[in-house]
Amino acid sequence: MTALEPGDPERIGRYRLLRRLGEGGMGVVYLGASPAGRAVAIKVVRPELAADPDFRARFRGEVEAARKVGGAFTGPVVEAEPGGTVPWLAIAYVNGLSLRETIDRYGPMPEPLLRTLGAGLGEALVAIHEAGLLHRDLKPDNILLAKDGPKVIDFGISKAADTATLTAEGQFIGSPGYMSPEQIRGKRLTPAADVFAYGAVLAFAATGRPPFGKGAVPAIVHRTLHEEPDLRGVPASLARLVASCLSRDPDRRPPAELLPSLLAAEPAAPGWLPGDMGEELRQLEDTLVLDLRTFARARTRRRLLIGGAAAAGLAAIGGGTAAALAATQNETGHRLSPPKPLWRTEIEDEDDLSLVVRSRSLIAIAHRVFEHELRGYSLATGRQIWSEEGRLAAGPALVYTTAGSGGTVVARDESRTVKWTYDPPEEHEYPEFAGPANGLLALSGDRTITGLDPATGRRLWTHEGPRASHPVLFDIRGRTLLGRQEEEGEHRHLALDTTTGAVRWSMPLGTSLVLPRGGLIFTSPSRTTLDALSLDTGRKLWSADLPDAARDPDDGTLSINVTVAGGLVYMNGPTIYALDASTGRQRWTHTPASPDGRTRNLLVDGGYAYVLEGPRLVALNARTGKRLWSADTPVSDTAPLVAAGGLICTGVAGTAGSGLYGWDAGTGRLVWNHPVTTPVSTEQWTFDSDGTTLAAAHGTTLLAFHLG
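Its first residue numbered 29, the sequence shown is counted upward by one per residue in the working numbering.
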């Protein structure tokens, strides 16, 4: 546990960050505190992984599954935002000693302690497996010794990192020395893989050394695959169990559900760690209490300040921001009282919700790992019209859905009248859509991609990939459908002709893909350059050096978002760089007034580029980068921005001043504010707009405004 470093965020979601707990392949882990003072461990995903839509989908699914894990020997998921600009996961903080550090510091465990450890770990694995997860990375670093027993952390989430983003960098998904042979060989994993790691952990705790030795990774891998484990020092009464867990044949390992009974251990209870181990744990407890008390005192001071401001007439927003907004209001004559919304309705609180506005309807999509929950509402009244589970594509006239393993596509108009159906020739397990766009609706199957006429449902073409190629669709731009499929064990980007389904080009997934923008796609194969490729041919058009500000200061990896608009490419990182889309030549740069190393949300609309810099909304000339205006806001620089009805809109979540705000897009004047008092949710606002109607969701509230 160390102090926060320069550039670390002060807050993630509703949690105030207190300290750094560690850093790994997926990101940084922080100690955080909820508004009520609850301690949580928050894992914040690395920017290069967050930019990978494939990773995001897997991370979201793993988070949902991890929520189901219970039991006394795991740290439960408290909250997560897998769909945020920066995905994160909050787990109940386990105040304990790392098993790795404990053994390194105090030596091997005596047999009674070893049995208590093994029984607790066995119960943790059972809970993880019953939730449909595998841990995949059980090791001493992921086991904490708490006052009420051992706790397993990072369960299940490691699968989300099993992407080309990591493997392209030569990293193992797992930890050599604790990985099973089948995991090393890339075979399909079963719960037996976790049992192998369990045996290796027990051997380490009993002897103070890994059973397959230390040293170079290739040597450890070779010993794991071809040599017997070194179990010298394991108590004789446990040696047979540990050896069976470390069998190279998964079928010969004991089931996880038998492990607790095989240990016949005394249950862990307060004081189960003896001597110096117990004393160090008590010191950790004292440190945590001090951190939380310091946080509570700071929170009380903030409440007093806000309360005093409210008493002085700065209600709803609080502090200096409210005064500035109120002053702007009085000077400009714009009203602060919001227009009445078209309607407001209560919905289920969803962790990852998106909205789609059409001419007469609004569709709310609650994202799930496989089948999404879809709900349709009247845009005029807010009345829910329909709901179903599946995948959705929405065109200007028709809405397309598919559900279940059959993959039948149903096209309906906004009155829910069925216009056509399409039954694929093969069962599609969890099919996906791309489009409709440019006369094509694309549907993915287990090995096929099918092109349909979005108006009639007529099959236009079928692309057949290798067996079990599991194609994933990204987008349709112009005459190109971009996706991904597996070929001979290698994931490749794939571009198909939208008219014929023929392959236009493909490339290995090892390059870092940014989704198509403005007829281009972008990769950063060297992590030091940004390459622009033709969407139609895959040919490199130009290459631009990435400035230091666009790379992570620790490892140099890409930490920017890319937007294309009006013939310019905007690299949005700690500094905004605008490049000519034809040549890659730099046009202008903009460094925020208070740079902190973070990528901010950037909105380019109507000749303006809008960016939140801390609590200020700044408008730039999109062609020249000239600063045009700025406005004080009560929002954070992670809040989403949306253009609607001549306004730039965003929302505040989970703090004083929660609600919707809209500023005049041309002048920065505050035009309206719609407060949301109860219930207050810490989820970010979600928006969609057709230009005259703005739909917004926040917590359990769904609203629509007329902005025309």
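Glycine residues also receive a C-beta, built at the ideal position from the N, C-alpha and C atoms.
Residue range of the unbroken beta strand (DSSP E) whose run includes residue i
{"i": "residue 252", "result": "Here residue 252 belongs to no beta strand (DSSP E); instead the alpha helix (DSSP H) covers 245–254."}
{"i": "residue 415", "result": "412–422"}
{"i": "residue 614", "result": "614–618"}
{"i": "residue 382", "result": "381–385"}
{"i": "residue 374", "result": "371–374"}
{"i": "residue 472", "result": "468–472"}
{"i": "residue 716", "result": "714–717"}
{"i": "residue 507", "result": "Looking at the DSSP string, residue 507 is not in any beta strand (DSSP E), and its letter there is neither H nor E."}
{"i": "residue 729", "result": "729–734"}
{"i": "residue 428", "result": "427–430"}
Spatial distance of residue i from residue j (CA atoms)
{"i": "residue 365", "j": "residue 643", "result": "Confidence is the limiting factor: at residue 365 the pLDDT is only 38, short of 50, which leaves the residue's position unreliable and the question unanswerable from this model."}
{"i": "residue 174", "j": "residue 382", "result": "39 Å"}
{"i": "residue 568", "j": "residue 244", "result": "38 Å"}
{"i": "residue 610", "j": "residue 604", "result": "18 Å"}
{"i": "residue 409", "j": "residue 718", "result": "16 Å"}
{"i": "residue 127", "j": "residue 167", "result": "9 Å"}
{"i": "residue 608", "j": "residue 689", "result": "33 Å"}
{"i": "residue 250", "j": "residue 147", "result": "30 Å"}
{"i": "residue 659", "j": "residue 594", "result": "25 Å"}
{"i": "residue 140", "j": "residue 89", "result": "38 Å"}
{"i": "residue 308", "j": "residue 727", "result": "41 Å"}
{"i": "residue 155", "j": "residue 79", "result": "31 Å"}
{"i": "residue 164", "j": "residue 521", "result": "27 Å"}
{"i": "residue 216", "j": "residue 210", "result": "7 Å"}
{"i": "residue 95", "j": "residue 108", "result": "9 Å"}
{"i": "residue 590", "j": "residue 606", "result": "10 Å"}
{"i": "residue 160", "j": "residue 734", "result": "45 Å"}
{"i": "residue 438", "j": "residue 698", "result": "44 Å"}
{"i": "residue 225", "j": "residue 652", "result": "57 Å"}
{"i": "residue 354", "j": "residue 477", "result": "Residue placement at residue 354 cannot be trusted, given a pLDDT of 31 that sits under 50; what the coordinates show is reported in the next sentence. Roughly 55 Å between the two C-alpha positions."}
{"i": "residue 687", "j": "residue 41", "result": "16 Å"}
{"i": "residue 448", "j": "residue 407", "result": "24 Å"}
{"i": "residue 269", "j": "residue 158", "result": "22 Å"}
{"i": "residue 452", "j": "residue 258", "result": "54 Å"}
{"i": "residue 617", "j": "residue 700", "result": "31 Å"}
{"i": "residue 180", "j": "residue 152", "result": "7 Å"}
{"i": "residue 534", "j": "residue 487", "result": "24 Å"}
{"i": "residue 286", "j": "residue 86", "result": "30 Å"}
{"i": "residue 49", "j": "residue 301", "result": "22 Å"}
First through last residue of the alpha helix (DSSP H) which encompasses residue i
{"i": "residue 518", "result": "Note, residue 518: premise wrong, no alpha helix (DSSP H); beta strand (DSSP E) at 518–525."}
{"i": "residue 82", "result": "81–94"}
{"i": "residue 272", "result": "264–273"}
{"i": "residue 230", "result": "219–235"}
{"i": "residue 78", "result": "75–78"}
{"i": "residue 285", "result": "Where residue 285 is concerned, there is no enclosing alpha helix (DSSP H), given that its DSSP letter is neither H nor E."}
{"i": "residue 302", "result": "Unbroken run through residue 302: none, as it is neither H nor E."}
{"i": "residue 806", "result": "In this structure the chain extends from 29 to 736, so residue 806 is not present and cannot be described."}
CB-CB length for residue i against residue j, believed under 8 Å
{"i": "residue 722", "j": "residue 677", "result": "6 Å"}
{"i": "residue 403", "j": "residue 412", "result": "6 Å"}
{"i": "residue 97", "j": "residue 172", "result": "With a Cβ gap of about 15 Å, residue 97 and residue 172 do not count as contacting."}
{"i": "residue 73", "j": "residue 114", "result": "6 Å"}
{"i": "residue 675", "j": "residue 650", "result": "The pair is not a contact, with the Cβ atoms about 17 Å apart (cut-off 8 Å)."}
{"i": "residue 564", "j": "residue 508", "result": "6 Å"}
{"i": "residue 514", "j": "residue 536", "result": "Going by Cβ atoms, the distance from residue 514 to residue 536 rounds to 11 Å, so no, they are not a contact pair."}
{"i": "residue 75", "j": "residue 91", "result": "Contact doesn't hold; Cβ gap of about 18 Å is too wide."}
Opposing strand residues paired with residue i [DSSP bridges]
{"i": "residue 26", "result": "Only positions 29 to 736 of the chain appear in this structure, which leaves residue 26 out of reach."}
{"i": "residue 405", "result": "390, 412"}
{"i": "residue 448", "result": "439"}
{"i": "residue 536", "result": "520"}
{"i": "residue 703", "result": "687"}
{"i": "residue 489", "result": "479"}
{"i": "residue 677", "result": "670, 690"}
{"i": "residue 590", "result": "599"}
{"i": "residue 33", "result": "Answer is none; residue 33 lacks a bridge partner."}
{"i": "residue 240", "result": "Partner(s): none; residue 240 has no beta bridge."}
{"i": "residue 611", "result": "Answer by DSSP bridge pairing: none, since residue 611 is not bridged."}
{"i": "residue 605", "result": "599, 617"}
{"i": "residue 291", "result": "Partner(s): none; residue 291 has no beta bridge."}
{"i": "residue 721", "result": "734"}
Within the stretch 96–180, ranges of the beta strand (DSSP E) (whole runs, at least 3 residues)
Entirely contained in the stretch 96–180, the beta strand (DSSP E) runs reaching 3 residues are, in chain order, 105–109, 116–120, 171–174, 177–180.
With a floor of 3 residues, list each beta strand (DSSP E) that falls wholly inside the stretch 624–666, ordered by position along the chain.
Runs found: 630–633, 636–641, 644–649, 655–660.
Counting only runs that start and end within the stretch 44–73, where is the beta strand (DSSP E) found for 3 or more residues in a row?
Every beta strand (DSSP E) stretch that sits fully inside the stretch 44–73 and reaches 3 residues is listed by chain position as 55–61, 67–73.
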